[in-house]
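**Q** Going by numbering that gives the first Met the number 0, 27 is the number at position 28 of the sequence shown; the sequence numbering is gapless.
Glycine is no exception: its CB is placed at the ideal position from the N, C-alpha and C atoms.
This one's a predicted model, so the numbers in the text were calculated from it and none came from an experiment.
A single structure is presented below for examination.
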Amino acid sequence: MKTSTLPGQSQPKIPNYADRTPQYYIDKMEPELRASFTTQQLQAIFNLLDEAIPKPSPKIVDLRFLVDLIVTRFYVVLLVGKDRRRKPRRYIPKGVAKVGNVIAAIILLLGANLLLSASLFLFAYLLKSLVGIDFFSGDRHLPDIIKSIFQ
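Shown next, in the form of structure tokens:
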């Protein structure tokens, strides 16, 4: 059942997906159809909907951000939490897929490690420069030393 609104009419209030309850879906039924159910049938439908609607679990890490590029937009989501799924995976990776998953996980961990290390190094270098500490003798700075290595 779809309801359309005419221009000038206000849209009906749709709750956030996570806030939808079984009663929300029961209220979406045609009133005549809803009235045709007995109280016991409505309770069974309510219980079934309550079991079918996923319950959000608390997350240890909930990182969401957008990457706006000139021509398109991407979103990145990283969620870390306890796995509360009941069913085992239908497809267990074997062979090449398993090796690919391991390689992807290693690359992801190495990339995260490199990013974290570079960020900490940059922060420490900027903090050292701000305080005025000079580790190298003379007027040589880290960019000068890096340039001399690659020449």
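Against chain D, with Cβ distances strictly below 8 Å, would D26 count as a contact?
**A** Checking the listed chains, one finds no chain D in this structure; it contains a single protein chain.
**Q** Taking the CB atoms as reference points, tell me whether V79 and I59 lie closer together than 8 Å.
**A** In this structure, I59 lies closer than 8 Å to V79 by Cβ.
**Q** Taking the runs of the beta strand (DSSP E) that are 3 residues or longer, which of them lie wholly in the region 31–110?
**A** The qualifying runs are 58–67 and 72–80.
**Q** Tell me which residue opens and which closes the alpha helix (DSSP H) that K146 is part of.
**A** Here the alpha helix (DSSP H) through K146 covers L141 to I148.
**Q** Looking at the structure shown, is I132 part of a helix, part of a strand, or coil, going by DSSP?
**A** Coil.
**Q** Is it the case that the Cβ atoms of L48 and P21 are separated by a distance below 8 Å?
**A** In contact: L48 and P21 (Cβ atoms closer than 8 Å).
**Q** Should the region 14–33 be regarded as contacting the region 51–67, the criterion being three or more beta carbon pairs within less than 8 Å?
**A** Contact holds: three or more Cβ-Cβ distances are below 8 Å.
**Q** Going along the chain, which residues of its own chain have a beta-carbon closer than 7 Å to the beta-carbon of N112, five neighbours each way excluded?
**A** Nothing meets the Cβ criterion.
**Q** Specify the secondary structure class of N15 as computed by DSSP and reduced to three states.
**A** In this structure, N15 counts as coil in the three-state DSSP scheme.
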